[in-house]
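The sequence shown begins at 34 in our numbering and counts up one residue at a time.
Glycine residues also receive a C-beta, built at the ideal position from the N, C-alpha and C atoms.
Notes to accompany the following structure.
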Amino acid sequence: MSAVKPEQYPAEDLPEIAFAGRSNVGKSSLINMLLNRKKLAKTSGRPGKTQTINFFDIDQKFRIVDLPGYGFAKVSKHAKARWGEYIETYLATRPNLIQVFLLVDIRHTPNEHDIMMYDYIVGAGFEGYVVATKLDKVKNSELMTRLNDIKATLGVAENHLIIPLSSANRKGKYKFWDRLNAMFKAAGYDIHFERQVQEQFWLKQKKRPKKR
Ligand code: GTP
Ligand code: MG
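Right, dumping it as structure tokens:
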């Protein structure tokens, strides 16, 4: 379901977690990866794909909310202000929103828009979780440097608040689900994502069985 104004939002009956971040950072791709779907959330190599607040209903148990990307240069001032308002209104007024994740590209130092968004999220009372996307694009030897740079720039308080992952090779997927499971539990919800043992096995083998 897509919405821009509160009166268009779905009912407040299910807990929601939201993904915020700059255009092209990989918000929609992360949703597809987490849910093992290729095109549930529409993705694009061109920034500015998601322009509304999109609510994804998961088994009538909770929702993942894909927010419009910010900081995309080729958008009119008017449209930028409008999207900013959509995001702020949602974050500030949604009572069933239990956590917001700020996504940043692991390769880049967060810019002033990211810092503003992060301060806004923490100021609104959320934990301040950061997802560092596109982990497949950095070498293992660079990982700590990149994470430390992002943490220092945004002012992330604790190590456990930053989560590196890749939607391309699915690295970090189950760690992220563990985090979500813990979050639901802490908020008093009976929601738990089970690991798919078979999938884990084939990931380790780096090949999948032939289709029959
Ligand atoms: P907007 O809707 O414009 O706000 O963008 P978005 O944050 O939803 O980004 P989207 O998921 O559409 O991805 C943008 C581009 O980055 C696409 O070309 C994706 O294929 C690519 N991408 C996303 N995640 C990853 C990743 O983990 N690794 C790599 N290599 N590419 C990724
Ligand atoms: Mg998107």
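### Message
As an exercise, report each continuous beta strand (DSSP E) stretch of at least 3 residues that is fully enclosed by the stretch 168-217, in chain order.
### Response
Counting whole runs of 3 or more residues, the stretch 168-217 contains the beta strand (DSSP E) stretches 195-197.
#### Entry: D90 and P43 closer than 9 Å at C-beta
Yes, they are a contact pair.
### Alpha-carbon spacing of K72 relative to G158, whole angstroms
Taking the Cα positions, K72 is about 32 Å away from G158.
### Message
ligand 2 and A74: does any heavy atom of the ligand fall closer than 8 Å to the residue's C-beta?
### Response
Yes, since a heavy atom of ligand 2 falls inside the 8 Å radius drawn around the Cβ of A74.
#### Entry: Start-end ranges of the alpha helix (DSSP H) lying completely within the stretch 125-174, minimum 4 residues
With a minimum length of 4 residues, the continuous alpha helix (DSSP H) runs that stay inside the stretch 125-174 are 145-156.
### Query
For G81, which of helix, strand or coil comes out of DSSP?
Residue state, collapsed to three classes: coil.
### Task
Classify K60 as buried or exposed, calling it buried when 16 or more other Cβ atoms lie within 10 Å of its own Cβ.
With 16 or more Cβ atoms within 10 Å of its Cβ, K60 is classed as buried.
### Query
Just to check, is the beta-carbon of S200 closer than 8 Å to a non-hydrogen atom of ligand 2?
Result no, Cβ not under 8 Å from ligand 2.
### Rounded straight-line distance, which links the Cα of M66 to that of R203
Going from the Cα of R203 to the Cα of M66 covers about 7 Å.
### Task
My understanding is that R140 touches Y103, with C-beta atoms under 8 Å, so please give their C-beta distance in whole angstroms.
Rounded to the nearest angstrom, the Cβ distance from R140 to Y103 is 18 Å, too far for a contact under 8 Å.
### Query
Between the C-alpha atoms of N173 and D211, what's the straight-line distance to the nearest angstrom?
The alpha-carbon of N173 is positioned some 22 Å away from that of D211.
### Message
Restricting to Cα atoms, I'd like to know which of I131, L187, P39 and W116 is closest to D138.
### Response
Out of I131, L187, P39 and W116, the CA that lies nearest to the CA of D138 is found in L187.
### Proximal residues to W116 (C-beta, below 6 Å), its chain only, five neighbours per side dropped
Hits under 6 Å: P101.
### Query
Is the beta carbon of L136 sitting closer than 9 Å to the one on P48?
For L136 and P48, no; Cβs fall outside 9 Å.
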